[in-house]
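Sequential numbering of the sequence shown, starting at 1013, is according to this note's numbering. As structure tokens, the structure follows; a few thoughts come after it.
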Amino acid sequence: MPSLFEPIELGSIYAKNRILMAPLTRARGTRQHVPTPIMAEYYAQRADAGLIISEATGISREGLGWPYAPGLWSLEQVEAWKPITAAVHAKGGKIVAQLWHMGRMVHSSVTGQQPVSCSATKAPEALHTYDGKQAPEVARPLTREDIARILNDYENAARNALQAGFDGVQIHAANGYLIDEFLRDGTNHRSDEYGGSPENRIRFLREVTERVIATVGADKTSVRLSPNGDTQGCIDSHPEQVFVPAAKLLNDLNIAFLELREPGPNGTFGKTDQPKLHGPIREVFRKPLVLNQDYTRDEAIETVATGVADAIAFGRPFLANPDLVRRLEDNLPLNKDDIRTWYSQGAEGYTDYPLAR
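Structure below.
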């Protein structure tokens, strides 16, 4: 039986264990979305993970509305990422960049532009800005010309990721952001080739993935989906009809691995009664499958040992436990994270959590 603590090949990446660090927005960049030196210390502390998936990283100013989050569209950003990836590699770790377009989940006070999405909808709740939370704005529906431009943005960011020293990329197609908005019938109200049928709603995901693969290679490309439940007002009435075919498409494109964020009815960060889809997805996606959301140590070990998934991505446990791999392997207690410091700009709650003795 496979073990959570044994190596796995994720495309071209040799991961020394099957414990992945999930993407975690931490807001330690500058107002110009440039990474900062403290981020090198933070990621290097967590380099024992089999693979680090970076915090969500903007592909363009239009698509990055989270204050102090980093981007990957400019030379300045690329240069600022280089010491961070080098610090991870110096500790024997691997790291991929998660490529992010937030769609309707941005505010014009951050980006200087009206938010965009597949259709004219708006986020259900107030949005983070530099001036506190502000009311959401109605998104402008993307034209075909806009879509072509955004595909270019994904290509540019993927190329920049490799130039910055990342070992690959993950396409963020989850959590109610732009690609997810296209996938789900609750937010996609289009009547053209990008809307209506599940096949049409998958089209944008396919085009983004094909463009990224053409830029960095399938063996360096992964995708994150969140197939069940409501995420930031984004939901589908029959998720199995769109997400199982989407997983089959990604399998046929031969991506390195697929990560699924699947909340349950008792989730600690989102709850839903919609069934998890990793079972039917596992039947059509034959490459490494990574599951995420509220896994305990024992659940993670069993999930990998029984072949339900090939690896587990841990999010919040990595916030307060830079040595999470050791703590899981030796069954040591975990530090508690401090929600006040999730999105603050200093070292507190970022690089100052103690290691296990």
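Even glycine gets a Cβ: it sits at the ideal position worked out from N, Cα and C.
| Query | Result |
| --- | --- |
| Three-state class that DSSP yields for Ala1317 in the structure shown | helix |
| Secondary structure of Asn1266, DSSP reduced to three states | coil |
| CB contact flag (Leu1346, Leu1036, <8 angstroms) | no |
| Of the listed residues Ile1267, Asn1278 and Lys1299, nearest to Val1181 (C-alpha basis) | Ile1267 |
| For Lys1260 and Ile1071, the rounded distance between their alpha carbons | 26 angstroms |
| Inside the stretch 1085–1140 only - alpha helix (DSSP H) runs reaching at least 4 residues | 1087–1102 and 1120–1123 |
| For Ser1249, the nearest candidate out of Thr1199, Met1051, Pro1079 and Trp1112 (CA to CA) | Thr1199 |
| Uninterrupted alpha helix (DSSP H) stretches inside the stretch 1219–1307 (no shorter than 4 residues) | 1251–1264 and 1290–1296 |
| Host alpha helix (DSSP H) of Phe1326 (start-end) | Looking at the DSSP string, Phe1326 is not in any alpha helix (DSSP H); the run it does join, the beta strand (DSSP E), is Ala1323 to Phe1326. |
| Neighbourhood of Ser1066 by C-beta, 7 angstroms cutoff - its chain only, sequence neighbours within 5 removed | Pro1035, Ile1107, Val1108, Ala1109 and Gln1110 |
| Length of the line joining the Cα atoms of Ser1120 and Pro1127 | 7 angstroms |
| N- and C-terminal bounds of the alpha helix (DSSP H) containing Ala1176 | Element bounds for Ala1176: n/a, residue is neither H nor E. |
| Cβ shell of Val1228 (< 8 angstroms), same chain only, five flanking positions each side left out | Ala1170, Arg1171, Ala1173, Leu1174, Gly1180 and Val1181 |
| CB of Arg1030 within 8 angstroms of CB of Asp1322, strictly | yes |
| Collapsed DSSP secondary structure at Tyr1054 in the structure displayed | helix |
| Inter-stretch contact (C-beta, 8 angstroms, three-pair minimum) for the stretch 1068–1085 and the stretch 1156–1171 | yes |
| DSSP-derived helix/strand/coil call for Ala1027 | strand |
| Terminal residues of the beta strand (DSSP E) in which Glu1193 lies | First-last for Glu1193: Leu1190 to Leu1195, but that is the alpha helix (DSSP H), not the beta strand (DSSP E). |
| Start and end residues, beta strand (DSSP E) containing Glu1341 | Run containing Glu1341: none in the beta strand (DSSP E); it sits in the alpha helix (DSSP H), Leu1336 to Glu1341. |
| Reference Ala1061, options Glu1021, Tyr1142 and Ala1027, closest by Cα | Ala1027 |
| Cβ neighbour criterion (16 or more within 10 Å) applied to Glu1311 | exposed |
| Cβ shell of Ser1238 (< 6 angstroms), same chain only, five flanking positions each side left out | Ala1186, Asn1187 and Arg1273 |
| Alpha-carbon to alpha-carbon, Arg1156 and Asp1349 | 43 angstroms |
| For Ile1214, three-class secondary structure by DSSP | helix |
| Contact check, Ile1214 vs Ala1258, beta carbons under 8 angstroms | yes |
| Cβ shell of Thr1363 (< 7 angstroms), same chain only, five flanking positions each side left out | Ile1050, Glu1053, Tyr1054 and Gln1057 |
| Beta strand (DSSP E) segment containing Leu1154, residue limits | Note, Leu1154: premise wrong, no beta strand (DSSP E); not H, not E. |
| Beta-bridge partners of Gly1207, as assigned by DSSP | None; Gly1207 has no bridge partner. |
| Spatially closest choice to Arg1328 from Glu1222, Thr1284 and Tyr1307, by CA coordinates | Tyr1307 |
| For Ala1068, the residue or residues it bridges with in DSSP | Gln1110 |
| Run of the beta strand (DSSP E) containing Leu1022, from where it starts to where it stops | Ile1020 to Leu1022 |
| Inter-residue CB distance, Tyr1206 and Cys1130 (contact presumed, cutoff 8 angstroms) | 6 angstroms |
| C-alpha distance - Pro1292 paired with Glu1271, whole-angstrom precision | 14 angstroms |
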